Amino acid sequence: MYISIEKVSKAFTLKDKSTLTVLDKVDLYIKEGEFICLLGPSGCGKSTLLNLIAGFDTPSTGTIKINGNTVTQPSIDRIVIFQNYGLLPWRNVIKNVELGLEAKKLKRKERRRIAEEYIKLVGLSDYKKHHPPQLSGGMQQRVALARALAVEPKILLMDEPFGALDAMTRMHMQDEIERIWQEKKKTIIFVTHDIEEAVFLADRIVIMTPSPGRVKTIIEVPLPRKRDRTSLDFLKIKDKVFTEFNLK
Amino acid sequence: MGKIVKVLKVISSLALFVGIWELIVLTGRYEPSLLPSPVKVLEGMGELVKDGTLITHFKVSLSRFITGYTVAAVTGISLGLVLGYNKKVWEFVEPVVQLLRPVSPIAWFPFIVLWFGIGDVPAIIIIFIAGFFPTLLSTVSGVRKVDPAYLNVANNFGIRQPHLLFKIILPAAFPMIANGLHIALGTAWVFLVAGEMVGAQSGLGYLIIDSRNSLRSDLVLAGIIFIGISGLVLDRLIKLLEGYIERQWGVSEGRRN
Ligand SMILES: Nc1ncnc2c1ncn2[C@@H]1O[C@H](COP(=O)(O)OP(=O)(O)O)[C@@H](O)[C@H]1O
Ligand SMILES: [Mg+2]
């Protein structure tokens, strides 16, 4: 399996010396090129799990392996995209996208060329010289996406990336990420608490429950792309997810 | 329109101030040597400008100021970056810094003269001390307040030291550092004059002491006014720089939605 999450638990020691178990023996296996959505109410450990996969933190027990190698630290092969974009406000769009390329040993011109290519991919060629605070939330998230894609990671880890966007922008961004996923053949792990978003994007939806965070079920979404949010099949799967959360 | 109103306000405020001053002088209750009239002071200012005294002293003061302030800025920022980044070392150093910070730079004067003699150096060192602490403290707190999200991003993209310092930490902390530099500028200018009053044979501070010694209170006031004006100009210049930085950092830009 491409990504193997084996019996991963994570506990934090709190200030009063007590421990809080946030993840409890999570098992999850992900194929290369798969689009996985982690879905669950807030506080169920989605971000914690994503951070472990990213290598920002290590599991208390269990292991996470990618291509057979245990994850011990962050890598430019797995880029995290945050809800608050994580853009550097003192750099303009193109310099933000070049950030990751600077750590690679590339010539200036080559960096510029690659950055421009990815800015074009996300449709921001007219905004190259803008600074992030001058852009709307959706545009900022596109910049973050371009910056992530520019270093050609194999895996994208997205933590509620569209959580701060309004409903319309959000749907545009969902279309966009699906298009890019198909074009660039990335493995994507996408955290969300929006059921429709998960059904629209995921090959498989991993449903998590809180206290402690566990994988409750995994729902396959065998719908062809691009999915119609109003089709009967779509609604059926949405229904199934609602049932899992006892929302019906 | 708004600009004109602003200028008018400034002019009328100054005019009112000078008017009251002139009225007090006109009552004749104070000796001219104790309170010279505005006209007298204006004449004194003209005299200082014409015979080149002012520009000579101003140049001396400014070059001392630039030297002391630049050294303070460079050492304050460099040390601040290192200390802000190394929490353990800072915890060790902070008590000493907090102890020294409230001491007026002038208090060091006896030692400064003993160690460095008289001339340019004492004034420069006083400016340095005055400018160093605000710069150091704002840099340290700027570094410590860097959004951890930026550090995560840098970590994720494989940005290591020294690039981490120059590409992430320094720019992230820069608005706060610039603010410290602004405060340092004002403080240092105040102490420049004080330093030149006790240990120099030239400069704006010396000009005042010298005028007093020759019982020219009009020139004393003229000197005070010049010091005020140049301090104000310096302050405006650094404000322009700050504004530029804020725009560059996107702090004060309008948001689009
Ligand atoms: N560093 C930490 N120290 C202590 N508790 C934490 C830490 N990180 C997360 N938690 C706790 O773990 C739980 C899950 O958090 P998180 O993974 O952010 O959930 P989600 O992303 O699903 O909303 C929360 O109760 C949160 O308070
Ligand atoms: Mg979260």
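The listed protein sequences correspond, in order, to chains E and L.
In case it helps, my numbering puts the first sequence at residues 1 to 248.
In case it helps, my numbering puts the second sequence at residues 1001 to 1257.
Glycine residues also receive a C-beta, built at the ideal position from the N, C-alpha and C atoms.
Remember, predicted model here, so these are calculated numbers, not experimental data.
Residue i to residue j span [Cα, whole Å]
i	j	result
residue 1137 of chain L	residue 1080 of chain L	7 Å
residue 21 of chain E	residue 60 of chain E	10 Å
residue 1148 of chain L	residue 1172 of chain L	11 Å
residue 1258 of chain L	residue 222 of chain E	Residue 1258 of chain L lies beyond the stretch modelled for chain L, which goes from 1001 to 1257, so this question has no answer here.
residue 1214 of chain L	residue 1208 of chain L	10 Å
residue 9 of chain E	residue 244 of chain E	23 Å
residue 240 of chain E	residue 148 of chain E	33 Å
residue 1252 of chain L	residue 1139 of chain L	Because residue 1252 of chain L carries a pLDDT of 46, less than 50, the predicted location of this residue cannot be relied on, and no value is offered for it.
residue 1124 of chain L	residue 119 of chain E	50 Å
residue 1195 of chain L	residue 1228 of chain L	16 Å
residue 108 of chain E	residue 1049 of chain L	53 Å
residue 29 of chain E	residue 206 of chain E	11 Å
residue 1012 of chain L	residue 1199 of chain L	38 Å
residue 94 of chain E	residue 115 of chain E	6 Å
residue 32 of chain E	residue 64 of chain E	15 Å
residue 1156 of chain L	residue 76 of chain E	6 Å
residue 111 of chain E	residue 146 of chain E	13 Å
residue 102 of chain E	residue 215 of chain E	38 Å
residue 1255 of chain L	residue 131 of chain E	For residue 1255 of chain L, the pLDDT reaches just 40, beneath the cut-off of 50, and the residue's location in the model is therefore unreliable, leaving the point undetermined.
residue 1043 of chain L	residue 1184 of chain L	33 Å
residue 170 of chain E	residue 19 of chain E	37 Å
residue 1097 of chain L	residue 1104 of chain L	13 Å
residue 1178 of chain L	residue 13 of chain E	38 Å
residue 1002 of chain L	residue 1014 of chain L	19 Å
residue 25 of chain E	residue 121 of chain E	39 Å
residue 1160 of chain L	residue 123 of chain E	30 Å
residue 127 of chain E	residue 23 of chain E	41 Å
Element boundaries [alpha helix (DSSP H), containing residue i]
i	result
residue 1063 of chain L	1053-1085
residue 1128 of chain L	1120-1144
residue 1236 of chain L	1217-1249
residue 1030 of chain L	No alpha helix (DSSP H) contains residue 1030 of chain L, which DSSP labels as neither H nor E.
residue 233 of chain E	232-244
residue 1160 of chain L	It is not in any alpha helix (DSSP H) - residue 1160 of chain L carries neither H nor E in the DSSP assignment.
Cβ pair residue i, residue j closer than 8 Å
i	j	result
residue 55 of chain E	residue 71 of chain E	yes
residue 1204 of chain L	residue 1193 of chain L	yes
residue 1127 of chain L	residue 1065 of chain L	yes
residue 7 of chain E	residue 86 of chain E	no
residue 36 of chain E	residue 204 of chain E	yes
residue 1053 of chain L	residue 1134 of chain L	no
residue 1245 of chain L	residue 1175 of chain L	yes
residue 39 of chain E	residue 208 of chain E	yes
residue 178 of chain E	residue 113 of chain E	no
residue 1221 of chain L	residue 1036 of chain L	yes
residue 227 of chain E	residue 200 of chain E	yes
residue 1144 of chain L	residue 1084 of chain L	yes
residue 158 of chain E	residue 81 of chain E	yes
residue 1182 of chain L	residue 1118 of chain L	no
residue 195 of chain E	residue 129 of chain E	no
Segment limits, beta strand (DSSP E) that includes residue i
i	result
residue 62 of chain E	61-66
residue 10 of chain E	3-13
residue 107 of chain E	Here residue 107 of chain E belongs to no beta strand (DSSP E), and DSSP marks it neither H nor E.
residue 216 of chain E	214-220
residue 122 of chain E	Unbroken run through residue 122 of chain E: none, as it is neither H nor E.
residue 24 of chain E	19-30
Rounded distance between the beta-carbons of residue j and residue i, thought under 8 Å
i	j	result
residue 174 of chain E	residue 197 of chain E	6 Å
residue 79 of chain E	residue 143 of chain E	Not a contact, Cβ separation roughly 13 Å.
residue 193 of chain E	residue 47 of chain E	No, residue 193 of chain E and residue 47 of chain E are not in contact; Cβ-Cβ is about 11 Å, not under 8 Å.
residue 1218 of chain L	residue 1018 of chain L	Between residue 1018 of chain L and residue 1218 of chain L the Cβ distance is about 14 Å, and since that is not below 8 Å, they are no contact.
residue 106 of chain E	residue 88 of chain E	About 19 Å separates the two Cβ atoms, so there is no contact after all.
Relative to chain L, which residues along the stretch 76-100 of chain E have a C-beta separation below 7 Å, given in chain order? 76, 79, 80, 82, 84, 86, 88, 89, 90, 99, 100
The stretch 1149-1168 of chain L: which residues have C-beta closer than 9 Å to a C-beta of chain E, in chain order? The residues in question are 1149, 1150, 1152, 1153, 1154, 1155, 1156, 1157, 1158, 1159, 1160, 1163, 1167, 1168.
In the stretch 149-160 of chain E, which residues sit with their C-beta less than 8 Å from some C-beta in chain L, listed in chain order? 151
Looking at chain L, which residues of the stretch 42-54 of chain E have a Cβ within less than 8 Å of any of its Cβ atoms? Correct list: 54.
Residues from the stretch 102-120 of chain E in contact with chain L, defined by Cβ distance under 7 Å: 103
Contacting positions in the stretch 1106-1126 of chain L - beta carbon closer than 9 Å to chain E: Cβ contacts with chain E come from no residue of the stretch 1106-1126 of chain L.
Which residues of the stretch 10-21 of chain E have a Cβ closer than 8 Å to any Cβ of chain L? Give them in chain order. Against chain L - using a Cβ distance shorter than 8 Å - the stretch 10-21 of chain E contributes no residues.
Which residues, taken in chain order from the stretch 157-181 of chain E, show a beta carbon closer than 7 Å to some beta carbon of chain L? none
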